[in-house]
Amino acid sequence: MVQVTQISERRTSVDEIFDHLQEEIASLRLRPGDKISEADIATRFGVSRQPVRDAFNRLANLDLLLIRPQRATEVRRFSMREIEKSRFVRAAIEKEVLRCAAEHCDADGDTLLDAAIDEQEKAIRDVDVDGFGALDYEFHKTLCEIARVSFAFDVIMAEKSKVDRLCMLGLSKEDRMPELVEDHRAIAAAVKAHDPERAVDAGMLHLSRLDETIERIGATNASYFEPIEL
């Protein structure tokens with residue numbers, strides 16, 4: 010097992026372990042159903058088992074790990090019920106964010122949105138998949154800031170994280186980048202035009218692109234999904 014560099018003092022060991030495992034799960038280096046051990050992770054990070062346990066609990070709260078007493082902890086399989094719930098919550102919040110952003114966007118907001126689109130286009134030209142992912146994250150954060158509801162961003166990201174790893178099984182992000190930036194351009198244009206309903210329509214089109222991906226992956230990777238409860 011690869012040894013991870015010992016935890017720095019600038020962040021808590023729980024944060025470091027949580028971030029590392031969340032990225033491993035989101036990128037599908039840890040796949041649904043994979044088992045992980047507190048003892049193994051503690052050894053990798055050079056820490057006691059308590060911070061690992063705390064990180065596991067945080068991941069479980071995001072529905073990314075399944076912790077069962079006296080049984081191995083495993084990467085949680087996808088739940089269609091949880092995906093539908095996450096999709097509903099995210100859509101409800103993002104609608105309000107977009108309405109508020111369209112209402113409050115000013116010249117500074119225009120500049121931020123224009124710069125965000127320019128940076129995304131550069132990432133496409135450079136085929137910078139990781140960079141585009143970070144810019145996608147920042148774009149949604151910027152919308153929340155323009156809307157004056159920065160607190161909403163953490164909620165959106167928590168819901169988004171439940172679906173991100175599923176999308177890794179679909180088209181590569183490289184294939185999807187041009188479509189995503191066009192969605193972002195439409196959202197930005199509507200926000201800058203102070204048109205809340207057009208902003209919401211563009212945002213919901215952007216979000217709906219997940220639906221076909223989810224349906225296709227559910228049909229081709231059934232073992233990654235929890236049994237459907239009747």
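All you need for the numbering used here is the position in the sequence shown, starting with 1, plus 9.
Each residue gets a CB set at the ideal place from its N, CA and C atoms; glycine is no exception.
By Cβ distance below 8 Å, which residues in the same chain neighbour Asp72 in space, the five residues on each side in sequence not counted?
These residues qualify, in order along the chain: Arg85, Ser88, Glu91 and Lys171.
Please state the DSSP three-state secondary structure of Gln12.
Model confidence at Gln12 stands at a pLDDT of 49, short of 50, so the residue's coordinates are unreliable; what they give is reported in the following sentence. If DSSP states are grouped into helix, strand and coil, Gln12 belongs with coil.
What residues in its chain sit with their C-beta under 7 Å from that of Met177, if we drop five residues either side in the sequence?
The residues are Ser36 and Leu37.
For the alpha helix (DSSP H) holding Thr151, just list the boundary residues, first then last.
Looking at the DSSP string, the run of the alpha helix (DSSP H) that includes Thr151 is Val138 to Ile155.
What does a CB cutoff of less than 6 Å around Ala69 pick up in its chain, not counting 5 residues either side in sequence?
The residues are Ile76.
Quick check: the Cα distance between Thr82 and Glu128, rounded to an integer number of angstroms?
Rounded to the nearest angstrom, the two C-alpha atoms are 40 Å apart.
Which residues mark the beginning and the end of the beta strand (DSSP E) in which Val158 is found?
Taken as a continuous stretch (DSSP letters only), Val158 belongs to no beta strand (DSSP E), as it is neither H nor E.
Please classify Glu235: does DSSP put it in a helix, a strand, or coil?
In this structure, Glu235 counts as coil in the three-state DSSP scheme.
Relative to the C-alpha of Ile155, which candidate in Thr120, Asp135 and Leu144 has its C-alpha closest?
Taking only the C-alpha atoms, the option nearest Ile155 is Thr120.
Does the beta-carbon distance from Glu103 to Leu216 come in below 8 Å?
Contact flag set, yes.
Compare the Cα-Cα distances from Ser95 to each of Ala199, His113, Met166 and Gly227 and report the closest residue.
Among Ala199, His113, Met166 and Gly227, the Cα nearest to that of Ser95 belongs to Met166.
Quick one, which of Glu33, Ile26 and His29 has its alpha-carbon nearest Arg174's?
The candidate whose alpha carbon is nearest that of Arg174 is Glu33.
May I ask you to list the residues that DSSP assigns as paired with Leu75?
Looking at the DSSP assignment, Leu75 forms a beta bridge with Glu83.
Rounded to whole angstroms, what is the Cα-Cα separation between Phe234 and Ile226?
Those two C-alpha atoms are separated by around 10 Å.
How close, in whole Å, do the beta carbons of Ile45 and Ile26 come, if the pair is a contact with beta carbons under 8 Å?
In fact, because the Cβ distance is near 11 Å, the residues do not count as touching under 8 Å.
Buried or exposed for Asp220, please, with buried defined as at least 16 other CB atoms from any protein chain shown within 10 angstroms of its CB.
The residue is exposed, with fewer than 16 neighbouring Cβ atoms inside 10 Å.
Residues in its own chain within less than 6 Å of Gly3 by CB, not counting five upstream and five downstream?
The question about residue 3 has no answer, for the chain in this structure spans 10 to 239.
Pull up the distance between the alpha-carbon of Cys109 and that of Met186, whole angstroms please.
One C-alpha to the other measures close to 26 Å.
Whole-angstrom Cβ separation of Ile126 and Val200, contact assumed at under 8 Å?
Not really, about 12 Å apart at Cβ, beyond 8 Å.
Can you list, in chain order, the residues of its chain whose CB lies under 6 Å from that of Gly118, leaving out five sequence neighbours each side?
So the qualifying residues of the chain are Ile155.
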